[in-house]
Amino acid sequence: MAETKTYREALREAMVHELDNDESVVLMGEDIGVYGGTHLITDGLYDEYGPNRIMDVPISENGFTGAAVGMAMMGMRPVVEMMTWNFSFLAADQIIQNAAKVRYFSGGQVEVPLVIRGPNGGGVQLSAQHTHSLESFYGHFPGLKVVAPVTPNDVKGMMLTAIRDPNPVIFLEAGALYGTKGEVEEGDNAVPFGKARVAREGSDVTLIAYGRQVNLCLRAADTLSEDGFEAEVIDLRSLRPFDEDTIVESVEKTHRAVAVQEQWRWFGVASEVAAIIQDRAFDSLDAPVERVSGAEVPGPYARNLELMAFPSEKQVTNAARRVLYEEEK
Amino acid sequence: MSAENEHSEDGGVETREDGGAIATSSERLVDLYRQMALIRAFEEACQKGFRQGKIGGYLHVYIGQEAVATGFLQAFEEGDRVITAYRDHAHALLLGSDPKEVMAELYGKGTGLVKGKGGSMHLFDVERGLMGGYGIVGGHIPLGVGIAYAMRYQETDHITQLYLGDGAMSQGAFHEAANLAGLWGREGQCPCLFIVENNKYGMGTSVERTTAMTDLAAKFDAYGIEHEKVDGMDVEAVVEAAERVAEQVRETGKPYAIEALTYRTAPHGAADFFENYRTKEEIEEWRERDPIGMVEHKLIENDVLDEDKLEEIRDEAKERIQEAVEFADESDEPPEEELYTDVYAGEDEYTGEA
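Chains as they are written, first to last, in my numbering: chain A, 19 to 347; chain B, 1380 to 1733.
Set out below in structure tokens:
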């Protein structure tokens, strides 16, 4: 059974599912309770579950994220909302120095079943300090898991998996897509981490992305199809753990690949994708792997500049044409 | 608290004229002495091991501060939790961790308390209540507050002893966590006992040079947390405060803060050879109030033990630590496959590319 739901509704449904199933689950965050959540993800939950489980916290990311790590070490399962991931730099010491490593430096004596979630990426004119895609930043650190679902079905299924995971999970939501709709499976549709999703099958070129760039790639694939080229689109979904096999299998079929990311080019996921392909599918390649990334500038405010700062459909289709040795348009 | 327990301006502490007013049974005082002597012997062996190159990384010893953890942990009850920063050897030993395993950890051996993965700064013995030593100043404070919250959320009557240094109180993490503790404590949901180990210096920078408001205990006022000071060199005074206050925290679920005025007579880190930030005279003055020396003095004065008996206790401690050193020395390094374990919990634990 599946029903059409928004990304926001699907996300809330997963948290409600686990709040009902497991007393140790609590939600924490700024304005998630009485106010209902800045993005209305947790709207209504405060009335239903009360202040001990839907915890409004002061504006102190370092403090409450660290407290959540302590709770998790005691066997609670806190789900912390970063109002936006941009604020997580204030909590980076807790996330990186404590959550990610305490299991290791305690010789395995503790677990940190913690989820930190919130909107990631830009696209709604929030300018420099509120525009970041942090998958590479957090993906760099062993001890963390990092996921970035883009469909309503995946955001629900991956949140279920995240809350049940005994490790700290960085849950990067497609903030610009909270209102988008899609089919969502009823009940427990837990989606495992470390498995990419083939969002569109094709035979001529592989487009690899995650988060809202998957939708961009799907549009680009339609355009390319009009010219007779069938692109396969892979939604990575999970960045740590990372599904290398699905990419390699696709490239063995298409012989060409374009990696697309909203974040800056340097030291990014797309570079990692290119390295994995040259490592494991070098002999299958008919062209160098292309990367399409955001412009190397802080996020601008003006709409036209912001659009220029993010990958465009045209950049993706032209990158695909280049690896196909076709003329750019 | 009376002025006699406060750090005086010239850096010394005025001695208590009555030589310690708290009445402790002789038997108990001997027991406290034994615990502190063990810590001292352990720390001196660590210093030696560091000089010999057997101990790597950073090494922070507790010499001079023994009365603080020794006193407070008398109030520890099963199920309670302890969290501290990187000067953590004493806390592990007092909670009953095997000195052999603690020393082996410092020696980087697979038999170490955390399998040779953490070293001096990261001692954990979760079964005994030690939720860890942490290496980033102030970074563990929010964790301790969360641990305390969990205790009430899980409907237990345990409490958390959260140790922090004077230096940590300049960190945002302290202020954010104290604010949360005060807030959650209003509902009786945060049984956290903050123990500020004020040894006068954050590394080599004095409290006076790092904050305009040098009354550290009073900073807790900003977060609605009750507080007091205790003479951290006087183990009997510490025990008295600890037992009284731990009981209160346990009963109310509200946080409480105690600033223990103490002094580290050893350098901050074992690799610190120059101590330009304080005078030899100051150190000497504090040595006169050495927590172990003061108990010795009292035991002799009260005819509880004579010098020979005291020496016997110290020798016993040294012997036990010598065994720990030998154990550490003879133990094997961690097996190489341990490099890849404990990164993640659960089935999908990564094994790396070995």
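We treat Cβ as the ideally placed atom computed from N, Cα and C, and that holds for glycine. Keep in mind the model is a prediction, meaning the values are calculated, not measured.
Quiz item: Could one say the Cβ of Ala1703(B) lies closer than 9 Å to chain A's Cβ atoms, at least one of them?
Solution: As a working note, residue 1703(B) is residue 324 in the second sequence. Answer no: the Cβ-Cβ gap between Ala1703(B) and chain A never drops below 9 Å.
Practice problem: May I ask you to verify whether the segment 1513-1526 of chain B touches the segment 71-89 of chain A, counting CB pairs closer than 8 Å and requiring at least 3? | Solution: yes
Exercise. Please report the Cβ distance between Val1617(B) and Phe1451(B), rounded to the nearest whole angstrom; I am assuming they are in contact, meaning their Cβ atoms lie under 8 Å.
Key: Residue 1617(B) sits at position 238 when you count from the first residue of the second sequence. Residue 1451(B) sits at position 72 when you count from the first residue of the second sequence. Contact flag correct, Cβ pair sits at about 6 Å.
Quiz item: Within the 9 Å Cβ cut-off, does Val1481(B) reach chain A?
Solution: Here residue 1481(B) refers to the residue found at position 102 of the second sequence. So no, Val1481(B) is outside the interface.
Quiz item: Can you check whether the CB of Ala1483(B) is closer than 9 Å to the CB of Ser1710(B)?
Solution: As a position in the second sequence, residue 1710(B) is number 331, starting the count at 1. As a position in the second sequence, residue 1483(B) is number 104, starting the count at 1. Contact: yes.
Quiz prompt | Cα-Cα separation, Leu236(A) to Phe247(A) | solution = Residue 236(A) sits at position 218 when you count from the first residue of the first sequence. Residue 247(A) sits at position 229 when you count from the first residue of the first sequence. Those two C-alpha atoms are separated by around 13 Å.
Quiz item: Would you call Asn185(A) buried or exposed, if buried means 16 or more other Cβ atoms sit within 10 Å of its Cβ?
Solution: Numbered from its first residue, the first sequence carries residue 185(A) at position 167. It counts as buried.
Quiz prompt | Minimum length 4: unbroken alpha helix (DSSP H) runs contained in the segment 1603-1657 of chain B | solution = 1614-1631
Quiz item: Roughly how many angstroms lie between the CA atoms of Gly140(A) and Val266(A), to the nearest whole one?
Solution: If you number the first sequence from 1, residue 140(A) lands on position 122. If you number the first sequence from 1, residue 266(A) lands on position 248. C-alpha separation (whole angstroms): 29 Å.
Self-check item: Residues, ordered as in the chain, of the segment 1602-1632 of chain B that lie near chain A by beta-carbon distance below 8 Å
Solution: none
Practice problem: Return the chain-ordered list of same chain residues with a C-beta closer than 7 Å to the C-beta of Lys1697(B), the five sequence neighbours on each side being excluded. | Solution: Within the second sequence, the letter at position 318 stands for residue 1697(B). Answer for Lys1697(B): Ala1420, listed in chain order.
Quiz item: List, in order along the chain, the chain B residues whose C-beta lies closer than 8 Å to that of Val87(A)?
Solution: Looking up residue 87(A) in the first sequence gives position 69. Per Cβ cutoff of 8 Å: Pro1521, Leu1522 and Gly1525.
Quiz item: Would you say Asn39(A) reaches chain B, if we count a Cβ-Cβ gap shorter than 9 Å as a contact?
Solution: Along the first sequence, read from residue 1 onward, the residue named residue 39(A) stands at position 21. Chain B contact via Cβ: absent.
Quiz item: So, Arg339(A) versus Leu242(A), is the Cβ gap smaller than 9 Å?
Solution: On the first sequence, position 321 is the one that residue 339(A) refers to. On the first sequence, position 224 is the one that residue 242(A) refers to. In contact: Arg339(A) and Leu242(A) (Cβ atoms closer than 9 Å).
Self-check item: For Pro137(A), three-class secondary structure by DSSP
Solution: Position 119 of the first sequence, counted from the start, is the residue given in the question as residue 137(A). Strand, per DSSP.
Quiz item: Could you give the distance in angstroms between the alpha-carbon of Tyr1717(B) and the alpha-carbon of Gly1648(B)?
Solution: Here residue 1717(B) corresponds to residue number 338 of the second sequence, with the count starting at 1. Here residue 1648(B) corresponds to residue number 269 of the second sequence, with the count starting at 1. For the sequence presented, residue 1717(B) should be read as Glu rather than Tyr. Cα-Cα distance, rounded: 28 Å.
Quiz item: Using a Cβ-Cβ distance under 9 Å, would Leu1684(B) count as near chain A?
Solution: Here residue 1684(B) corresponds to residue number 305 of the second sequence, with the count starting at 1. Output row for Leu1684(B): interface = no.
Quiz prompt | Endpoints, the beta strand (DSSP E) within which Leu325(A) is located | solution = Here residue 325(A) refers to the residue found at position 307 of the first sequence. Here Leu325(A) belongs to no beta strand (DSSP E); instead the alpha helix (DSSP H) covers Arg321 to Ala327.
Exercise. Measure how close the beta-carbons of Ala1724(B) and Arg121(A) come, nearest whole angstrom, since I'm counting them as under 8 Å.
Key: The residue labelled residue 1724(B) in the question sits at position 345 within the second sequence. The residue labelled residue 121(A) in the question sits at position 103 within the first sequence. Between Arg121(A) and Ala1724(B) the Cβ distance is about 6 Å, and since that is below 8 Å, they are a contact.
Quiz item: Are the Cβ atoms of Arg95(A) and Val43(A) separated by less than 9 Å?
Solution: Translated into positions along the first sequence, residue 95(A) becomes position 77. Translated into positions along the first sequence, residue 43(A) becomes position 25. Going by C-beta atoms, Arg95(A) is nearer than 9 Å to Val43(A).
Exercise. Tell me where the beta strand (DSSP E) around Lys163(A) begins and ends.
Key: Here the question's residue 163(A) lines up with position 145 in the first sequence. Its beta strand (DSSP E) spans residues Lys163 to Val165.
Quiz item: From Gly1611(B) to Thr1490(B), what distance separates their C-alpha atoms?
Solution: Along the second sequence, read from residue 1 onward, the residue named residue 1611(B) stands at position 232. Along the second sequence, read from residue 1 onward, the residue named residue 1490(B) stands at position 111. So the alpha carbons of these two residues sit roughly 33 Å apart.
Quiz item: Hey, is Gln1540(B)'s beta-carbon within less than 9 Å of any beta-carbon in chain A?
Solution: For the purposes of this step, residue 1540(B) is taken as residue 161 along the second sequence, with counting starting at 1. With 9 Å as the cut-off, Gln1540(B) does not count as an interface residue toward chain A.
Quiz item: DSSP beta-bridge partners for Met73(A)?
Solution: In the first sequence, the residue the question calls residue 73(A) occupies position 55. Its beta-bridge partners are Met46(A).
Practice problem: With a 10 Å radius around its C-beta and 16 neighbouring C-beta atoms as the bar for buried, classify Gln1453(B) as buried or exposed. | Solution: Working through the second sequence from its first residue, we reach residue 1453(B) at position 74. Label assigned to Gln1453(B): buried.
Self-check item: DSSP-derived helix/strand/coil call for Ala1464(B)
Solution: By one-based count along the second sequence, residue 1464(B) stands at place 85. DSSP places Ala1464(B) in coil when its eight states are reduced to three.
Exercise. Please name the residue in Gly1435(B), Leu1438(B) and Met1582(B) whose C-alpha comes closest to that of Tyr1642(B).
Key: The residue labelled residue 1642(B) in the question sits at position 263 within the second sequence. Comparing Cα-Cα distances from Tyr1642(B) to each of Gly1435(B), Leu1438(B) and Met1582(B), the minimum goes to Met1582(B).
Quiz item: Tell me the DSSP bridge mates of Glu99(A)?
Solution: What you label residue 99(A) is simply residue 81 of the first sequence in a count that begins at 1. Gly47(A) and Arg135(A).
Quiz item: Three or more beta-carbon pairs under 8 Å between the segment 195-213 of chain A and the segment 169-187 of chain A, yes or no?
Solution: yes
Quiz item: Which full runs of the beta strand (DSSP E) of 3+ residues lie inside the segment 252-331 of chain A, going along the chain?
Solution: 256-258, 275-282 and 308-312
Quiz prompt | Under 9 Å by beta carbon: chain B residues contacting Val128(A) | solution = Within the first sequence, numbered from 1, the residue matching residue 128(A) stands at position 110. Within 9 Å Cβ-Cβ: Phe1503, Val1505, Met1510, Gly1511 and Ala1724.
Quiz prompt | Local Cβ density within 10 Å of Ser1387(B), reported as buried at 16 or more and exposed below that | solution = Indexing the second sequence from 1 puts residue 1387(B) at position 8. Summary for Ser1387(B): the model assigns pLDDT 47, below 50, so the residue's position carries little reliability, and this model does not support an answer.
Self-check item: Rounded separation between Asp1651(B) and Cys1425(B) - CA only
Solution: As a position in the second sequence, residue 1651(B) is number 272, starting the count at 1. As a position in the second sequence, residue 1425(B) is number 46, starting the count at 1. Approximately 14 Å between the Cα atoms of the pair.
Practice problem: Would you mind reading off the limits of the alpha helix (DSSP H) that contains Tyr1532(B)? | Solution: Looking up residue 1532(B) in the second sequence gives position 153. Ile1520 to Tyr1532 is the extent of the alpha helix (DSSP H) around Tyr1532(B).
Quiz item: Would you say Gly1435(B) reaches chain A, if we count a Cβ-Cβ gap shorter than 9 Å as a contact?
Solution: Residue mapping note: residue 1435(B) aligns to position 56 of the second sequence, counting from 1. No, no contact with chain A.
Exercise. Tell me, please, whether the CB atom of Tyr122(A) is closer than 9 Å to any CB atom in chain B?
Key: For this step, residue 122(A) is matched to residue 104 along the first sequence. Chain B, which has a Cβ nearer than 9 Å to the Cβ of Tyr122(A), makes this yes.
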